[in-house]
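Residue numbers (my numbering): 8 to 200.
As structure tokens, this is what we get:
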């Protein structure tokens, strides 16, 4: 059964400890398998910094944070060539609490991310995930993402698979032709989905 959930912007009142703990739980299986994802063991301060580099959204059930995603404008200094393109927004620190995985919250958050990207006139929504995480690559491909690049991000011991989703626009006039992106925030290198 799908729980009633709300997706909203992260606020200063949201406990960073709760968000960080949820990220640790969500990324724990990959961490235990030897994939050193940033979100597996990052500090509260790192969670705060990563959320601040873009637009951070949280999924909430009964007042409890059970999911998160951060969207960044084009990463002009990213190790990833795909992220450097002005028509691409990238999705990072995407997680759903294991107790709520498989309930539709992740797909709801992806839909919210796609809508945000369209509203800000991006043509592509991209993300990266560890190449060894085949189950995640399959999940994203099932949502319509396609593989566009393999990249070795600095500070990571594994190769990442970059996937991207073309965002259909409502009207041709909405297409982005070098309009300024939302207030660009400095990307963090080595950020993880």
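Where is the CB? At the ideal position from N, CA and C, for every residue including glycine. Note that the structure is a prediction, hence the values are computed from the model and not measured.
Check                                                                                                                                                      : Outcome
Just mark residue 10 as buried or exposed, buried being the case when its beta carbon has 16 or more other beta carbons within 10 Å.                       : exposed
If we call anything under 7 Å between Cβ atoms a contact, is residue 87 one with residue 155?                                                              : no
Only counting the same chain, and skipping five residues up and downstream in sequence, which positions put a Cβ closer than 6 Å to that of residue 151?   : 172
Could you pull out every unbroken alpha helix (DSSP H) segment of at least 4 residues lying fully inside the region 41 to 119, listed in chain order?      : 45 to 48 and 51 to 59
How many Å lie between residue 162 and residue 44 at the Cα?                                                                                               : 10 Å
Determine which residues share a DSSP beta bridge with residue 32 and list them.                                                                           : Bridge partners of residue 32: none, in fact.
For residue 33, is the classification buried or exposed, using 16 other Cβ atoms within 10 angstroms of its Cβ as the cut-off for buried?                  : buried
Within its chain, find whatever has a CB closer than 6 Å to the CB of residue 166; leave out the 5 residues flanking it on each side and keep chain order. : 138, 157 and 159
Ordered along the chain, which non-local residues of its own chain (more than five positions away) have a Cβ less than 7 Å from that of residue 123?       : 62 and 78
Taking buried to mean at least 16 other C-beta atoms within 10 Å of its own C-beta, is residue 142 buried or exposed?                                      : exposed
Between the region 48 to 55 and the region 122 to 136, are three or more C-beta pairs nearer than 8 Å?                                                     : no
How about residue 133 and residue 103: are their beta carbons less than 7 Å apart?                                                                         : no
What would DSSP say about residue 25, mapped onto helix, strand or coil?                                                                                   : helix
Report yes if the CB atom of residue 14 is closer than 7 Å to the CB atom of residue 99, and no otherwise.                                                 : no
Which residues does DSSP pair with residue 175 in a beta bridge?                                                                                           : According to DSSP, residue 175 bridges with nothing at all.
Tell me, which residues are paired with residue 144 by DSSP?                                                                                               : Paired residue(s): none; residue 144 is not in a bridge.
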